[in-house]
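One structure is given here, and the rest of the page talks about it.
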Amino acid sequence: YEEVASNKRVVEAYLGRKTNERNRAGAEV
């Protein structure tokens with residue numbers, strides 16, 4: 003279903019944003 007694919011993209015984008023924030027915080031230290 004397209005819904006599953008779209009939901010997966012949303013989840014991946016959310017996790018990717020969290021990872022980017024964590025990497026940025028680690029770089030600041």
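Residue numbering for the sequence shown follows our numbering, starting at 3 and increasing by one per position. For every residue, glycine included, the Cβ atom is placed at its ideal position computed from N, Cα and C. Since we're looking at a predicted model, the values are computed, not measured.
- Apart from sequence neighbours up to five positions away, no residue of its chain approaches V12 with a beta-carbon distance below 8 Å.
- A direct Cα-Cα distance of roughly 21 Å separates T21 from A7.
- Distance from the CA of E23 to the CA of A29, rounded to the nearest whole angstrom, comes to 10 Å.
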